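K.L.:
Protein sequence lines correspond, in order, to chains A and B.
Reading the first sequence from the start, the letters are residues 1 to 191 in the UniProt record's numbering.
Reading the second sequence from the start, the letters are residues 1 to 1104 in the UniProt record's numbering.
For every residue, glycine included, the Cβ atom is placed at its ideal position computed from N, Cα and C.
As the structure is a prediction and not an experimental result, all values here were calculated from the model.
Take this structure first; my questions come after.
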Amino acid sequence: REREREREREREFIMIFTFSCNLKMQFMLLFSRQGKLRLQKWYVPLSDKEKKKITRELVQTVLARKPKMCSFLEWRDLKIVYKRYASLYFCCAIEDQDNELITLEIIHRYVELLDKYFGSVCELDIIFNFEKAYFILDEFLLGGEAQETSKKNVLKAIEQADLLQEVSNHILWQCSKNLSDLLGNHIATPQ
Amino acid sequence: MALKIVKGSIDRMFDKNLQDLVRGIRNHKEDEAKYISTCIDEIKQELKQDNIAVKANAVCKLTYLQMLGYDVSWAAFNIVEVMSSSKFTYKRIGYLAASQCFHEGTDVIMLTTNQIRKDLSSPHQYDTGVALTGLSCFVTPDLARDLANDIMTLMSHTKPYIRKKAVLIMYKVFLKYPESLRPAFPRLKEKLEDPDPGVQSAAVNVICELARRNPKNYLSLAPLFFKLMTSSTNNWVLIKIIKLFGALTPLEPRLGKKLIEPLTNLIHSTSAMSLLYECVNTVIAVLISLSSGMPNHSASIQLCVQKLRILIEDSDQNLKYLGLLAMSKILKTHPKSVQSHKDLILQCLDDKDESIRLRALDLLYGMVSKKNLMEIVKKLMLHVDKAEGTTYRDELLTKIIDICSQSNYQYITNFEWYISILVELTRLEGTRHGHLIASQMLDVAIRVKAIRGFAVAQMATLLDNAHLLTGNTQRNGICEVLYAAAWICGEFSEHLEDPMQTLEAMLRPKVATLPGHIQAVYVQNAAKLFATVLRKHEGETDSHAAQETSQLLIDRLPLFVQSANLEVQERASCILQLVKYIQKLQQKKVEVAEEVTALFAGELNPVAPKAQKKVPVPEGLDLDAWINKPPSESESEDEKPKAVFAKEEPKHSRSRHTEVDEKELARRREARKREQANNPFYIKASPSSQKVYDAPGVEHIPVVQIDLSVPLKVPGMPMSDQYLKLEEERRQKEKAERKKEKKKKREKRGKERKADSGPESEEDIAPAHQVDIVTEEMPENALPSDDDDKDPNDPHKALDIDLDKYPTVHWFPVQKSSKHKKKKQKKEKEEKEKKKKKRHHHHHHHSNAGGEDSVQNGTVEEEEPLPPMSNYFLLAENSYIKMVYDIQGNHQDESKVVVSVIFENKSDSFLKSMEFNVLDSLNSKLQRPEGAGAHDSLTVPFQLPPGISNEAHFVFSVQSIVMPQKLKGTLTFIVKSDESSTHEKLDFKLHFTCTSYLITTPCYLYDAYAKLLESGDLKGSSLRLEGINMPFHHLLARICFHHHFSVVERIDSCASMYSRSIQGHHVCLLVKTSDQTVSIDAKCDEPSLLGNVLDEIKQTFSKC
């Protein structure tokens, strides 16, 4: 167990080490094997039309690639890094000077985060809780840069924000319950 | 009211939430669009309600629909409403929706400014965080301008969570509002030393990103980063800095030299592939920028290539791909080191992953030499045959052509070989690149005169077998080569062995199925051939043959006259009439050949692709001016003329070049015939062997076209291969001859030297043909250089702000910036005036022009690079150890300074147990850990292996800072070698200068500075330095660097500077220079501190 922990620490160290080389992501897309878009995050300003066009083109290109092919491709003047996890493709666009391997690790880190948060994540989790998937991504990357390298910190921030949300939700819930009680009274005692 | 709320919450119970929506969409797979449109109607209803919870729910659903590709821009205002909710739950959803849906064109963004500002200053960090995250996605220039200050404040927030986000988002703000860069930069720089590693890394990230776009403005940060690099124990910050240095090295080669070593060490030691890859990339980048004048780095390159080889050999496709990618970068500057791995690259051509094969192809492009070109192309031809899928095959085809034609056919030694390669490539079915092959054929035939004879023969064969290329003319791009073939045969028809046969081939009825532009070329060149045939038969007593030719044309051309293609029709009818006329003349026995030939006379020269662009515009010609009055709008809407002639790129200019070097040609032919005779595989181009169609005059006999399946292929071996063989033989022979010659020489000299049996060098390979590649023509007085076309739309261009250039008119109101200007001239003029009035006197009369002058001045001077500077002074040194130190004030504490000492082990032994001790004075004390005695020494927290240096920091507390001070101290340490260990000791004196109590404090507000000066609280003093001959900005940089000042304003040769002591004393300098004299007027609220600082400045400059 000690050795495991050490290995974990070593991996953590390498992650920090490698994130350091800067990354400027242009956008991230998640889509299914059927080509259905599950999540999109754009770090460059583009019109909706342009975004749709890019998405369509990329989804086609990536899905057309054979499973044994490498995870990188050059597309327009960008580099595309993608990886398939189960039925989902994670696909990022980076600039010419950026490091592909780090981008792969970022994708992997994001998957790990989703996995930790949802508990063995599956595509449905992301479909039904897509806003959560966005929140996690936003805590992890900001403006295309990795802002937090520690998994723990990201999850902590999300959990605390969720807690805040739940508290206010709870208050709301109580409110509406009181109101419906009130309403119940109204119905019970027609005047 | 209560009822209303109640009603709202009831509605809510019946509302669909997001989950319901998603489920609904999944359940309505067949009529998804219809289902969603009803959902959108519902959402519109929900948005009309007052209940914010309902609205938020609706917005959340809209965000999901937006992702599916539905337009939700109509709900932008509702999104803003939800963003403005005071509840975090809704705010979070609102900002998420905004970050997904808003873009620069969204007009409601204008309404959000105040809300965002409110959220940014919210006491809850998650409110601020959500606002920052959202802002990073939809920040517009307006938002950036209005919120820059708020975000800047957040960079100093108490929570690292916020600081981190604020620092990162600053980059986006800079992009949108470049003016914010200058005021924000000092704070950003400060964040480099933030206690939180996340914030620190964010700052390094942003600065690296800025520096990467406009490195020259960040050169001055190099010392700071070097300091960070030496002082930081945080490895990842270190790496980022290395990356930054990678961007800086092209501008400052000295940095590169320093970088190579740590980088190669990392490459050796790291096990993380991504890091290895990054380091290799940086080393390559550094070496590329250093490639001139740096001979000693072949070892580093070798190391990189070795490591890359490991990557390429890895079974992981990703690593293989990246290895090849990085290899191609090395190739550009160090082709030799890559060429030795040719085997590996060729292996990659067999990889199952197409993208890897393409990468390998890219590499091959740079790896060819005269020696291996034929061999590599042969390999590629094999791959062409094997390739499945037209895309990859087409890629191979273009690569083969690229490889061969690169740098003006530099590597081709045998153009016959190349022509036959091109001919072989025409066998590719369904390729899109017929035009590419065609243009190569044309180019080679036009520019390499010696090859024309051979090319014409090959093209004639192609024309003869045209039916093979035109299987399906509509979709088959390969028929484009017929365009080239026809043109070459016509233009250089004097080389044709049997022009009549070719003419016949060009006028076959099937030609009419070819694309129009090709038919047009056919028709035109048939006329040229006709001229040749006429000339050939001129003077013969029997004019039968010539007349038969005319008849052939007259019979066949009507087919083209009927063509739907205008170009073809026009040419055909023109030529038909011409031939008819000639026929008449022939019947009258008039000699016409001369005149017909004259129709096509003239030499054709290739024109350089950029020639048109380089023609200088004649004086007085304004191409933008209207020649006539502009036509009305409606007229200009008329349909554009169709580009009928667009395809006719090479001008069909008539050429009958007469000055062919006949002798040379004959010689070549002779040589070639000899070669051919020796080659059993060569089929001679004798008319009999290839003739399928008979002589003219029998065309009325129906000829059945025989579909030969492999007519261009010589049995056993593709044609180009024989050249490879020939070439090898030739080289062998040449080698042997050379050896013989050498032998002779040796015998003559009678010396016993060993024969040089090493591999042939590039220069040894003599081309098989003495080819004369005609250079492309350029217009007379062409404009010299290409325009440096930088993308004017690059958003990063705006960030090209010189952060060292002291703020000028642009940043400060004009009248203020020119307060001190032209002091020099003034001084010269008003020498006689009373000196003490000087400062106040000049406040009044200044024009604005001077300020602009200073801008220009500044930019010109910036060109010169600053000499490297170091603040580290020698502390003590002996044969074991060297100590250098630097003293810095502490920002937070007014009574503390930090002494950074770098210990360098100079010996071959291990140094350990280093203890550092200083004899405290009343004024200055070394800070010792609690519980330690006042005279205890501090243990240096590391040991030093041989040759290694490391830095340690010691904190001193000081009371008075107005006087410099020296403290005596001792370092004790144990020298441990293999046999023995000894105790050693080194005494030193720590010199606390007054400068070391000053902290660089940027003073960007000139107003405050001027007020400070005028307040009268400050005492003055001055200093004159003679014989300073360095540029003024170097002088300023020195003062800034060594004495911790910052420039407030600089005009011409006059600058005002500011610094602050750790105890809050203001120090202001006014530095002026004329000739070699520098005068410094200084003011400070503590005269003795000022005196000492001035003394130290004087010392600094007396040293240089």
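1. Might you give, ordered along the chain, the residues of its own chain that have their beta carbon closer than 6 Å to the beta carbon of Ile107 of chain A, omitting 5 neighbours on each side?
2. Is Glu100 of chain A near Val81 of chain A, with beta carbons less than 7 Å apart?
3. Determine the extent of the alpha helix (DSSP H) in which Lys320 of chain B is found, giving its start and end residues.
4. Beta-carbon of Ser87 of chain A versus every beta-carbon of chain B: anything under 7 Å?
5. Any beta carbon from chain A within less than 7 Å of Val22 of chain B's own beta carbon?
6. So what does DSSP say about Glu591 of chain B, is it helix, strand or coil?
7. Can a CB atom of chain A be found closer than 7 Å to the CB of Asn51 of chain B?
8. Mapping the DSSP letters down to three states, classify Thr398 of chain B as helix, strand or coil.
9. Which residues share a DSSP beta bridge with Asp987 of chain B?
10. For Glu104 of chain B, which of helix, strand or coil comes out of DSSP?
11. Shorter than 7 Å from the beta carbon of Pro45 of chain A to some beta carbon of chain B?
12. Can you give me the start and stop residues for the alpha helix (DSSP H) that Trp626 of chain B sits inside?
13. At 8 Å on the CB atoms, spell out the chain B contacts of Met28 of chain A, in chain order.
14. Count the other C-beta atoms from every protein chain shown that fall within 10 angstroms of the C-beta of Arg5 of chain A, then say buried if there are 16 or more, exposed otherwise.
15. Please name the residues in the segment 84-104 of chain B whose beta-carbon is closer than 7 Å to at least one beta-carbon of chain A, in chain order.
16. When the cut-off is 7 Å and only beta carbons count, does Ile136 of chain A lie next to chain B?
17. Is it buried or exposed, Ser274 of chain B, if we count other Cβ atoms within 10 angstroms and call 16 or more buried?
18. For Thr282 of chain B, count neighbouring C-beta atoms within 10 Å of its own C-beta (all shown protein chains included) and say buried if the count is 16 or more, exposed if not.
19. Would you please verify whether the beta carbon of Phe90 of chain A is less than 7 Å from any beta carbon of chain B?
20. Can you tell which of B:Arg427, B:Phe415 and B:Ala438 has the C-alpha that lies nearest to the C-alpha of Ile451 of chain B?
21. Within the continuous beta strand (DSSP E) that includes Ser905 of chain B, where are the two ends?
22. For Lys320 of chain B versus Ile312 of chain B, is the C-beta distance shorter than 7 Å?
23. Taking Cβ positions only, does Leu168 of chain B come closer than 7 Å to chain A?
24. Starting from the beta carbon of Lys352 of chain B, find every residue of chain A whose beta carbon is closer than 7 Å, and list them in chain order.
25. If we cut at 7 Å on Cβ distances, does Leu205 of chain B have a partner in chain A?
26. When you compare the CB of Gln347 of chain B with every CB in chain A, is at least one pair closer than 7 Å?
27. Of all Cβ atoms in chain A, is any one closer than 7 Å to the Cβ of Thr133 of chain B?
28. Using a Cβ cut-off of 7 Å (strictly closer), state whether Gln40 of chain A contacts chain B.
29. Give me the subset of the segment 318-335 of chain B whose CB atoms are less than 9 Å from a CB atom of chain A, sorted by chain position.
30. In this structure, how does DSSP classify Gln1063 of chain B when only helix, strand and coil are distinguished?
31. So, helix, strand or coil for Ala86 of chain A, using DSSP?
32. Using a Cβ-Cβ cutoff of less than 7 Å, which residues in the same chain neighbour Leu46 of chain A once the five nearest sequence positions on both sides are dropped?
33. Can Thr513 of chain B and Val533 of chain B be called in contact, C-beta distance under 7 Å?
34. Of all Cβ atoms in chain A, is any one closer than 7 Å to the Cβ of Gln200 of chain B?
35. Who are the near neighbours of Ala76 of chain B in its chain, counting only those whose CB is closer than 6 Å to its CB and skipping five residues on each side?
36. Below 8 Å CB to CB, which residues in the same chain sit around Met367 of chain B once its five sequence neighbours on both sides are set aside?
P.N.:
The relevant details are as follows:
1. Looking up residue 107 of chain A in the first sequence gives position 107. Closer than 6 Å at Cβ, skipping near neighbours: Lys83 and Phe90.
2. Locating residue 100 of chain A in the first sequence gives position 100, counting from the first residue. Locating residue 81 of chain A in the first sequence gives position 81, counting from the first residue. Yes.
3. Residue 320 of chain B sits at position 320 when you count from the first residue of the second sequence. Per DSSP, Lys320 of chain B belongs to the alpha helix (DSSP H) from Gln317 to Thr333.
4. Looking up residue 87 of chain A in the first sequence gives position 87. It does not; no Cβ of chain B falls within 7 Å.
5. The sequence position of residue 22 of chain B within the second sequence is 22, counting from 1. Yes, because at least one Cβ of chain A sits closer than 7 Å to the Cβ of Val22 of chain B.
6. Counting from one through the second sequence, the residue named residue 591 of chain B turns up at place 591. Three-state result, Glu591 of chain B: coil.
7. Taking the first residue of the second sequence as 1, we reach residue 51 of chain B at position 51. Cβ-Cβ to chain A under 7 Å: no for Asn51 of chain B.
8. Working through the second sequence from its first residue, we reach residue 398 of chain B at position 398. The answer is helix: DSSP assigns Thr398 of chain B an H, G or I state.
9. On the second sequence, residue 987 of chain B is found 987 positions in, with the first residue counted as 1. Per DSSP, B:Thr970.
10. If you number the second sequence from 1, residue 104 of chain B lands on position 104. Correct three-state label for Glu104 of chain B: coil.
11. Counting from 1 along the first sequence, the entry for residue 45 of chain A is found at position 45. True, the Cβ-Cβ gap to chain B drops below 7 Å.
12. Here residue 626 of chain B is taken as the residue at index 626 of the second sequence, counted from 1. It is not in any alpha helix (DSSP H) - Trp626 of chain B carries neither H nor E in the DSSP assignment.
13. In the first sequence, the residue the question calls residue 28 of chain A occupies position 28. Chain B residues near Met28 of chain A: none, gap ~12 Å exceeds 8 Å.
14. In the first sequence, residue 5 of chain A corresponds to position 5, counting from 1. Arg5 of chain A should be labelled exposed.
15. Lys87, Phe88, Thr89, Arg92, Ile93, Leu96, His103 and Glu104
16. Your numbering for residue 136 of chain A matches position 136 in the first sequence. Not one chain B Cβ lies under 7 Å of Ile136 of chain A.
17. The residue labelled residue 274 of chain B in the question sits at position 274 within the second sequence. The residue is buried, with at least 16 neighbouring Cβ atoms inside 10 Å.
18. What you label residue 282 of chain B is simply residue 282 of the second sequence in a count that begins at 1. Buried, because 16 or more other Cβ atoms sit within 10 Å of the Cβ of Thr282 of chain B.
19. Here residue 90 of chain A refers to the residue found at position 90 of the first sequence. Not one chain B Cβ lies under 7 Å of Phe90 of chain A.
20. If you number the second sequence from 1, residue 451 of chain B lands on position 451. When each option's Cα is compared against that of Ile451 of chain B, the closest is B:Phe415.
21. Reading the second sequence from its first residue, position 905 is the one you call residue 905 of chain B. In the sequence as presented, Ser is not what sits at residue 905 of chain B; that position holds Asn. Element bounds for Asn905 of chain B: Lys896 to Asn905.
22. To locate residue 320 of chain B, count along the second sequence from 1; it is residue 320. To locate residue 312 of chain B, count along the second sequence from 1; it is residue 312. Yes, these two residues count as a Cβ contact at 7 Å.
23. Taking the second sequence and counting its residues from 1, one reaches residue 168 of chain B at position 168. Yes, its Cβ sits closer than 7 Å to a Cβ of chain A.
24. For the purposes of this step, residue 352 of chain B is identified with residue 352 of the second sequence, where counting begins at 1. Those within 7 Å of Lys352 of chain B in chain A are Lys68.
25. Against the second sequence, residue 205 of chain B aligns to sequence position 205. Just to set this straight, residue 205 of chain B is Asn in the shown sequence, not Leu. Yes, because at least one Cβ of chain A sits closer than 7 Å to the Cβ of Asn205 of chain B.
26. Mapped onto the second sequence, residue 347 of chain B falls at position 347. False, the Cβ-Cβ gap to chain A never drops below 7 Å.
27. In the second sequence, counting from the first residue as 1, residue 133 of chain B sits at position 133. Thr133 of chain B counts as touching chain A.
28. If you number the first sequence from 1, residue 40 of chain A lands on position 40. Chain B contact via Cβ: present.
29. Asn318, Leu319, Lys320, Tyr321, Leu322 and Leu325
30. To locate residue 1063 of chain B, count along the second sequence from 1; it is residue 1063. Residue state, collapsed to three classes: coil.
31. Here the question's residue 86 of chain A lines up with position 86 in the first sequence. Of the three classes helix, strand and coil, the one that applies to Ala86 of chain A here is coil, per DSSP.
32. Counting from 1 along the first sequence, the entry for residue 46 of chain A is found at position 46. Result list for Leu46 of chain A: empty, nothing under 7 Å.
33. The residue you call residue 513 of chain B lines up with position 513 of the second sequence. The residue you call residue 533 of chain B lines up with position 533 of the second sequence. Contact flag unset, no.
34. Position 200 of the second sequence holds residue 200 of chain B. Chain A contact via Cβ: absent.
35. Taking the second sequence and counting its residues from 1, the one referred to as residue 76 of chain B is at position 76. Cβ neighbours of Ala76 of chain B beyond the five flanking positions: Thr106 and Val108.
36. Here residue 367 of chain B is taken as the residue at index 367 of the second sequence, counted from 1. Around Met367 of chain B: Leu331, Pro335, Val338, Gln339, Lys342, Ile345 and Ile376.
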